[in-house]
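To start, the structure under review is shown below, and the notes come after it.
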Amino acid sequence: MAHPNDRYRAPALDKGLDILELLAEQPHGLTRAEIVKAMGRSPSEIYRMLERLVARHYVTRSQQGDRHALSLKLFELGHRHPPIERLVAQALPAMEAFAKASEQSCHLGIYSRGNVTVVAQVNGPGNWGLTLRLGVRVGLVDTGSGHVLLAFQSEQRRAQMLAEHDALDGERPMPEPQLQPLLQRVRALGYWQGDSQQAFGVVDISMPVLGLQGNALAVLTCPFVRRIDRPQGPGLDAARQLLASAASELSIA
Numbered sequence: 024m025a026h027p028n029d030r031y032r033a034p035a036l037d038k039g040l041d042i043l044e045l046l047a048e049q050p051h052g053l054t055r056a057e058i059v060k061a062m063g064r065s066p067s068e069i070y071r072m073l074e075r076l077v078a079r080h081y082v083t084r085s086q087q088g089d090r091h092a093l094s095l096k097l098f099e100l101g102h103r104h105p106p107i108e109r110l111v112a113q114a115l116p117a118m119e120a121f122a123k124a125s126e127q128s129c130h131l132g133i134y135s136r137g138n139v140t141v142v143a144q145v146n147g148p149g150n151w152g153l154t155l156r157l158g159v160r161v162g163l164v165d166t167g168s169g170h171v172l173l174a175f176q177s178e179q180r181r182a183q184m185l186a187e188h189d190a191l192d193g194e195r196p197m198p199e200p201q202l203q204p205l206l207q208r209v210r211a212l213g214y215w216q217g218d219s220q221q222a223f224g225v226v227d228i229s230m231p232v233l234g235l236q237g238n239a240l241a242v243l244t245c246p247f248v249r250r251i252d253r254p255q256g257p258g259l260d261a262a263r264q265l266l267a268s269a270a271s272e273l274s275i276a
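Residue numbers (the numbering used here): 24 to 276.
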């Protein structure tokens, strides 16, 4: 929602953005009446704005005409953004080579709007593995991906990222006195490795993709799953070394 003290106001634009942000949190969509109630706006205001969002394909309407949901247009627009498109195009061959060699899945995340957004995903070659959906947001302070993105930043940039952070559903908060030493350890090691805070039996390995100044442009993460029925496959140490090589290949530092 728009802040009441915003210096420059565009009420019509604010209404449209409010609707998009509301629908982004509703996987099954909302009826027009539910949108009106949630936003505290008049039905006529919402009707006109919804019609425009549907006409521009940002919002879809059910065949019955009573339920509205976010379309994939914003997702498509985000992936047309040249820096992300170039990063993903460059990363996918290295990620595919890692997945084949390690027999594990991996995903690429970038910092976005206070958390981490997955912009590329490659499955392992076998029938088992842990994968994340493209476009999903994961926590900044309770994941290996977030720890790496925070650790490899300037103090000023890290403070800005933490100030922008909004807790996601199920996130485990971490007080700053606990977070800062953890980030120092990650920076000293050059990577994160530890038990997943989201799934039992998974060890997350996260490596930074570094820019010229040594800051993390992105993070490459493997949710390592040890196979009971295939003990001869590459182990955790081998997977970490392979992931480090892939991240180094993508880095420009």
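Cβ atoms here follow ideal geometry from the backbone N, Cα and C, with glycine treated the same way.
Quick one, are the C-beta atoms of residue i and residue j less than 8 Å apart?
i, j, result
"A262", "Q144", "no"
"G52", "H91", "yes"
"L73", "A61", "no"
"G169", "V139", "yes"
"R55", "Y70", "yes"
"L206", "L173", "yes"
"V161", "V141", "yes"
"M230", "L265", "no"
"A114", "L93", "no"
"V59", "P66", "yes"
"G167", "D227", "yes"
"F175", "G258", "no"
"E272", "A117", "yes"
For the beta strand (DSSP E) containing residue i, name the first residue and the last one.
i, result
"D260", "Not the beta strand (DSSP E): D260 falls in the alpha helix (DSSP H), residues L259 to L273."
"A239", "A239 to V248"
"P231", "V225 to L233"
"G217", "W215 to D218"
"Q144", "N138 to V145"
Excluding the five sequence neighbours on either side, which residues of its own chain have a C-beta within less than 7 Å of the C-beta of residue i, listed in chain order?
i, result
"Q255", "none"
"G88", "none"
"S274", "V232 and L233"
"D165", "E194, R195, M197 and Q220"
"A47", "L93"
Along the chain, where does the alpha helix (DSSP H) that runs through residue i open and close?
i, result
"S67", "P66 to A78"
"R84", "Unbroken run through R84 is the beta strand (DSSP E), V82 to R84; no alpha helix (DSSP H)."
"D37", "P34 to A47"
"S128", "Taken as a continuous stretch (DSSP letters only), S128 belongs to no alpha helix (DSSP H), as it is neither H nor E."
"A174", "G167 to A174"
"A92", "Unbroken run through A92 is the beta strand (DSSP E), H91 to L93; no alpha helix (DSSP H)."
"Q236", "It is not in any alpha helix (DSSP H) - Q236 carries neither H nor E in the DSSP assignment."
"P196", "From DSSP, P196 is part of no alpha helix (DSSP H); its letter is neither H nor E."
"V59", "R55 to M62"
"Q87", "Q87 -> no alpha helix (DSSP H), and no H or E assigned at all."
"L185", "E178 to E187"
Excluding sequence positions up to five away, which residues of its chain have a Cβ less than 6 Å from the Cβ of residue i?
i, result
"K96", "H80 and Y81"
"A25", "For A25, the pLDDT reaches just 48, beneath the cut-off of 50, and the residue's location in the model is therefore unreliable, although a value from the coordinates is still provided. Closer than 6 Å at Cβ, skipping near neighbours: D37."
"R64", "none"
"F98", "G158"
In or out: residue i buried (at least 16 other Cβ within 10 Å) or exposed?
i, result
"D41", "buried"
"Y31", "exposed"
"A269", "buried"
"F223", "exposed"
"G193", "exposed"
"L110", "buried"
If I measure Cβ to Cβ from residue i and keep anything under 8 Å in the same chain, skipping five residues before and after, which residues do I get?
i, result
"V77", "T83, R84 and H91"
"E187", "R136 and G137"
"M184", "Y134, G137, L163, L172, L173 and Q176"
"L100", "none"
"L191", "N138, R160, V161 and G162"
"R180", "N238"
Quick check: is any heavy atom of the ligand GTP less than 7 Å from the C-beta of residue i?
i, result
"L157", "This structure simply doesn't include the ligand GTP, nor any ligand for that matter."
Quick test of the definition: if touching needs 3 or more C-beta pairs under 8 Å, does the region 239-258 touch the region 141-158? yes
Mind the definition here: the region 212-223 touches the region 108-128 only if three or more C-beta pairs lie below 8 Å; say whether that holds. no
Inter-stretch contact at 8 Å, needing at least 3 Cβ pairs: the region 193-205 / the region 237-244: no
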